[in-house]
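Counting with the UniProt record's numbering, you get residues 1 to 108 for the letters of the sequence shown.
Glycine included, each C-beta is placed from N, C-alpha and C at the ideal position.
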Amino acid sequence: MKGIVFVGYSLEVIRKFPVEIKREAGHQLDRVQHGLDPMDWKPMTSIGQGVREIRIQQEGQWRVIYIAKFDEANYVLHAFRKKTQKTPKPDIEIAKRALKEIVQRFYK
């Protein structure tokens, strides 16, 4: 089982989610740790190859962006409440910066 590493403020953001959303995010990340796909996800190739978005649709729209392609760990890049149809550019940029940080730090 591969562990989860939270990049930047992603863990703090998830901790501020409503209780049911936190529970669901944890359940979906547990699936990822065990090599399974989340129940509802989509690829986020605009951020990077292998990046995925967990979609939680309870009490609104919630997202957890992660990458699981590295052998050492699964990395949570960003988490947020989605309020529009399209993922806001600032949220995409946060996830891109987190991915860049991981690659520069561990995979150069």
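*Helix or strand or just coil, what does DSSP make of L11?*
Residue numbering aside, residue 11 sits at position 11 when the sequence shown is read from its first letter. The answer is helix: DSSP assigns L11 an H, G or I state.
*To the nearest angstrom, how far is it from the Cα of residue 116 to the Cα of R55?*
Within the shown structure, residues of the chain are numbered from 1 to 108, placing residue 116 beyond reach of any answer.
*asked:* Strictly by DSSP, which residues pair up with V6?
replied: Locating residue 6 in the sequence shown gives position 6, where the first residue counts as 1. In the sequence as presented, Val is not what sits at residue 6; that position holds Phe. V76.
*Would DSSP call P88 helix, strand or coil?*
Numbered from 1 along the sequence shown, position 88 holds the residue referred to as residue 88. DSSP places P88 in coil when its eight states are reduced to three.
*For Q58, does the three-state DSSP call read helix, strand or coil?*
Translated into the one-based positions of the sequence shown, residue 58 becomes position 58. Per DSSP, reduced to three states, the secondary structure at Q58 is coil, with no helix or strand assignment.
*Euclidean distance between Cα positions of A68 and I21*: Here residue 68 corresponds to residue number 68 of the sequence shown, with the count starting at 1. Here residue 21 corresponds to residue number 21 of the sequence shown, with the count starting at 1. For A68 and I21, the distance between alpha carbons rounds to 21 angstroms.
*Nearest to V19 by CA position, among Y9, Q58 and Y107, is which residue?*
As a working mapping, residue 19 is identified with position 19 in the sequence shown. The residue with the shortest Cα to Cα distance from V19 is Q58.
_Cβ neighbours of P88 in the same chain (closer than 6 angstroms, five flanking residues each side left out)_ = Reading the sequence shown from its first residue, position 88 is the one you call residue 88. The beta carbon of P88 sits closer than 6 angstroms to none of the beta carbons in its chain outside the five residues before and after it.
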